[in-house]
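*Asks:* Protein chains in written order, with my numbering: chain A, 11 to 306; chain B, 11 to 306. Don't be surprised by glycine CBs; every beta carbon is placed ideally from N, CA and C. Just so you know, these numbers come straight off a predicted model, no measurement behind them. There's a structure below that I have some questions on.
Number of protein chains: 2
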Amino acid sequence: MQFFSKKNTITHFSADMKSVYTIEPGETVVVETHDCYGGQIADESVLRPDIDLSIMNQATGPFYVNGVKAGDILVVEILDIELDPSGVMVMSKGLGVLGDLVDEPSTKIVPVKDGRILFGDGLIFPVAPMIGVIGVAPRKGSVHCAVPGDHGGNMDTKDIRAGSRIYFPVFQEGGLFALGDLHASMGDGEMNGTGVEIGGKVKMKVDKREGCLLSVPVVETKDAFMFISSAETLEAAVQRGAGIVVEHLQNALALEFGEAYRLLTMLCDVKISQVVNKLVTIRVEVPKSLLFKLFG
Amino acid sequence: MQFFSKKNTITHFSADMKSVYTIEPGETVVVETHDCYGGQIADESVLRPDIDLSIMNQATGPFYVNGVKAGDILVVEILDIELDPSGVMVMSKGLGVLGDLVDEPSTKIVPVKDGRILFGDGLIFPVAPMIGVIGVAPRKGSVHCAVPGDHGGNMDTKDIRAGSRIYFPVFQEGGLFALGDLHASMGDGEMNGTGVEIGGKVKMKVDKREGCLLSVPVVETKDAFMFISSAETLEAAVQRGAGIVVEHLQNALALEFGEAYRLLTMLCDVKISQVVNKLVTIRVEVPKSLLFKLFG
């Protein structure tokens, strides 16, 4: 099994970026990733104002997947996420939804051991490992790794975890995917601006699918397909996600608009992924009891 | 067990409303409710533009709970929700997040039988009964039953279902609670503006708690406490809910602000309840692994 180290990373997902690694469709690989600060925080004396933000959320890659063309779908199945032995949580004035209430910047190192997060003061919680940044080269231009979009990127969606499969629309030859920004745990919303930020190794199977259409990334879990939508406000992201799902239901199940809209409101949950990045992200969850297969 | 019919309802939760029913703390009762249209939709020929909206979301009550005072907490445990044999879904231009795409108004009657929703065209789904409107008299003024707030009201939160317990801050003597607007099923967001709207009977145990402080309704499920926050935008509702939860965690667990803020981002999900009422509603879910009891 090929192992790819974190020495090659990108700070932007760009339409014209050059791949550094090549893999075959169907291949299972292990990819090492930095924490979102690129390892800049060695101890609790390093505060957020000291950090070089230009390299935030860097992602290991890009990977060229042989035979993948624009218009295909890249399918990434997350098999396992192995976390480093400690994570970090920073806080700083203005960070997160209550950022105005933060006085002094502070950094907390959080040990992670035997699948548990040792928060301190007797507070111990199970890890819930997830991938914050994962994406492909966008249709055009260049998107910083801290920003989400239809190419993926910093979606901060906690269902992107072991056992999930992610479908990306492919915009450039080879797909050119990259990933990073693991969290040992994060709640929906990422309300203070960070999860338990951590590096690690991700075992994943990468494959392709041809002849199907998708406009945004979709996460498949055991029970649902989640359509990911990012926009400037939650309201706009919800509206966009709802429109994409209704159109998908119409096509997949041969439904009139009205019937698909009713099934959306009756059975589909819109969930917040994150409210703290430059664009915010929601996911519309379509249960498999309604949509058995993503494509007909 | 006392049974209370739907013949007495309110269209507004008002600070000065008069109770029509009286019960004792600790009593289990059955309350009959209209659907959100007050039974105005007899068949599919009745469209939303034909409906008297002033009586939308009417709630059965108000109930005076003996011995309950302002400053107490009213605890309502939902034991069972029995649904009427059919629900209704209306659609109309402008309704819901994709309302601009709706051309003609339409009404769909949806039979509900043996715990299943018979949507039509072979589509059958299990019911997921919930209460859309439930609340107490507000601190001041008068709030239409179609609007949510700190008194409860039209929260459209699908975790308000059998097996859940809801804690309300009490603003007026006797609490003066009322409820209505059941749904046979609704996804988080209530994205087209309605669930499967239906009448029914709710079996519930009503009790009180003294000497504890709460500023918003809280829903307790098997695994979590959910703090409900409504505001003009999702962003504002999230910020307000996060602030309330952090303060609660600080008090309940004797934590500094920073530690509570970190635990919020790491473990608590912010979830969308509804995006279609005059104020939108979110809930911040605090897992019991973090907060074992709501009050110390």
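What ranges does the beta strand (DSSP E) occupy inside the segment 88-136 of chain B, keeping only unbroken runs of at least 3 residues that lie completely in it?
*Replies:* Listed in chain order, the complete beta strand (DSSP E) runs (minimum 3 residues) inside the segment 88-136 of chain B are 96-101, 116-123, 126-130 and 133-136.
*Asks:* When DSSP labels each residue in this structure, what does Asn287 of chain A get in the three-state scheme?
*Replies:* DSSP places Asn287 of chain A in coil when its eight states are reduced to three.
*Asks:* Enumerate in chain order the residues of its own chain whose CB-to-CB distance from Glu220 of chain B is below 7 Å, with the five nearest sequence positions on each side excluded.
*Replies:* The residues are Asp82.
*Asks:* Start and end of the alpha helix (DSSP H) containing Ile33 of chain A?
*Replies:* Per DSSP, Ile33 of chain A belongs to no alpha helix (DSSP H); it is in the beta strand (DSSP E), Tyr31 to Ile33.
*Asks:* Using the Cα positions of Arg250 of chain A and Ile144 of chain A, report the straight-line distance between them to the nearest angstrom.
*Replies:* About 21 Å.
*Asks:* Leu84 of chain B to Ser239 of chain B, Cα distance in whole Å?
*Replies:* Rounded to whole angstroms, Leu84 of chain B to Ser239 of chain B spans 18 Å at the Cα level.
*Asks:* Between which two residues does the beta strand (DSSP E) containing Thr38 of chain B stretch?
*Replies:* Unbroken beta strand (DSSP E) run through Thr38 of chain B: Glu37 to Thr43.
*Asks:* Please give the ranges of any beta strand (DSSP E) in the segment 187-229 of chain A, keeping only runs that are unbroken, at least 3 residues long and fully inside the region.
*Replies:* Those beta strand (DSSP E) runs which fall completely within the segment 187-229 of chain A and span 3+ residues are 210-219.
*Asks:* In chain order, what residues of the same chain lie with their CB nearer than 8 Å to the CB of Leu244 of chain A, ignoring the 5 residues before and after it?
*Replies:* Result list for Leu244 of chain A: Ile282, Val285, Val290 and Ile292, in chain order.
*Asks:* Can you list the residues of chain A that Leu277 of chain B reaches, using a CB-CB cut of under 8 Å?
*Replies:* The answer, in chain order, is Phe135, Ser195 and Gly197.
*Asks:* So what's Arg293 of chain A in DSSP terms, helix, strand or just coil?
*Replies:* The answer is strand: DSSP assigns Arg293 of chain A an E or B state.
*Asks:* Within the 8 Å Cβ cut-off, does Leu274 of chain B reach chain A?
*Replies:* With 8 Å as the cut-off, Leu274 of chain B counts as an interface residue toward chain A.
*Asks:* Compute the Euclidean distance between the alpha carbons of Gly125 of chain B and Met196 of chain B, then round it to the nearest angstrom.
*Replies:* The straight-line gap from Cα to Cα measures roughly 15 Å.
*Asks:* Need the endpoints of the alpha helix (DSSP H) that Ala262 of chain A sits in, please.
*Replies:* Unbroken alpha helix (DSSP H) run through Ala262 of chain A: Leu244 to Leu263.
*Asks:* Can Ser96 of chain B and Pro121 of chain B be called in contact, C-beta distance under 8 Å?
*Replies:* Closer than 8 Å, so yes.
*Asks:* Would Met201 of chain B count as contacting chain A if we go by Cβ distances under 8 Å?
*Replies:* So yes, Met201 of chain B belongs to the interface.
*Asks:* Strictly below 7 Å CB to CB, what residues from chain A border Thr204 of chain B?
*Replies:* Going along chain A in sequence order, the residues near Thr204 of chain B (Cβ under 7 Å) are Thr275.
*Asks:* Which of the three DSSP states is assigned to Tyr74 of chain B in this structure?
*Replies:* Of the three classes helix, strand and coil, the one that applies to Tyr74 of chain B here is strand, per DSSP.
*Asks:* By how many angstroms is the C-alpha of Gln50 of chain A removed from the C-alpha of Ser64 of chain A?
*Replies:* Using only the alpha carbons, I get a separation of about 12 Å.
*Asks:* If the cut is a Cβ gap below 9 Å, which residues of chain A does Thr243 of chain B touch?
*Replies:* Residues of chain A passing the Cβ test: Thr243, Leu244 and Glu245.
*Asks:* Please go through the same chain and pick out, in chain order, the residues whose beta-carbon is closer than 7 Å to the beta-carbon of Asp233 of chain B, but skip the five residues on each side of it.
*Replies:* Once the five neighbours on either side are set aside, the close Cβ partners of Asp233 of chain B are Pro297 and Lys298.
*Asks:* Name the chain B residues that come within less than 8 Å of Gln249 of chain A, Cβ to Cβ?
*Replies:* Here the neighbours are Val107 and Leu108.
*Asks:* What three-state label does DSSP hand Pro139 of chain A in the structure shown?
*Replies:* Here Pro139 of chain A sits in coil by DSSP.
*Asks:* With a threshold of 8 Å, are at least 3 pairs of Cβ atoms found where one atom belongs to the segment 214-231 of chain A and the other to the segment 27-39 of chain A?
*Replies:* Touching, per the Cβ criterion.
*Asks:* Cβ atoms of Met201 of chain B and Thr43 of chain A: under 8 Å apart, would you say?
*Replies:* No, the pair does not count as a contact, with Cβ atoms beyond the cut-off.
*Asks:* Can you list the residues of chain B that Phe267 of chain A reaches, using a CB-CB cut of under 7 Å?
*Replies:* Those are Leu111, listed as they occur along chain B.
*Asks:* Excluding the 5 residues flanking Val255 of chain B on each side, which residues of the same chain have their C-beta closer than 7 Å to its C-beta?
*Replies:* So the qualifying residues of the chain are Phe237, Leu274, Cys278, Val294 and Val296.
*Asks:* Three-state secondary structure (DSSP) at Thr275 of chain A?
*Replies:* Here Thr275 of chain A sits in helix by DSSP.
*Asks:* Mind listing the chain A neighbours of Val280 of chain B? Cutoff is C-beta to C-beta under 8 Å, in chain order.
*Replies:* Here the neighbours are Gly197, Asp198, Gly199, Met201, Ile282 and Val285.
*Asks:* Can you round the beta-carbon distance between Gly185 of chain A and Val41 of chain A to whole angstroms, since I take them to be within the 8 Å contact cut?
*Replies:* Actually they are not in contact, since the Cβ atoms of Gly185 of chain A and Val41 of chain A sit about 14 Å apart, beyond 8 Å.
*Asks:* Please confirm whether Met99 of chain B has its beta-carbon closer than 8 Å to some beta-carbon of chain A.
*Replies:* Taking Cβ atoms only, chain A reaches closer than 8 Å to Met99 of chain B, which makes this a yes.
*Asks:* So, Glu54 of chain B versus Lys118 of chain B, is the Cβ gap smaller than 8 Å?
*Replies:* Taking 8 Å as the Cβ cut-off, Glu54 of chain B and Lys118 of chain B qualify as a contacting pair.
*Asks:* Would Phe235 of chain A be called buried (16 or more neighbouring beta carbons within 10 Å of its own) or exposed?
*Replies:* Classification for Phe235 of chain A: buried.
*Asks:* Tell me the DSSP secondary structure of Ile61 of chain B in three-state form.
*Replies:* Looking at Ile61 of chain B - three-state DSSP - the assignment turns out to be coil, as it is neither helix nor strand.
*Asks:* Is there at least one Cβ from chain B nearer than 8 Å to Tyr177 of chain A's Cβ?
*Replies:* No - not a single Cβ of chain B is within 8 Å of the one on Tyr177 of chain A.
*Asks:* Within the chosen definition, does the segment 125-134 of chain B reach the segment 156-172 of chain B through at least 3 CB pairs nearer than 8 Å?
*Replies:* With the cut-off at 8 Å, the segment 125-134 of chain B and the segment 156-172 of chain B do not touch.
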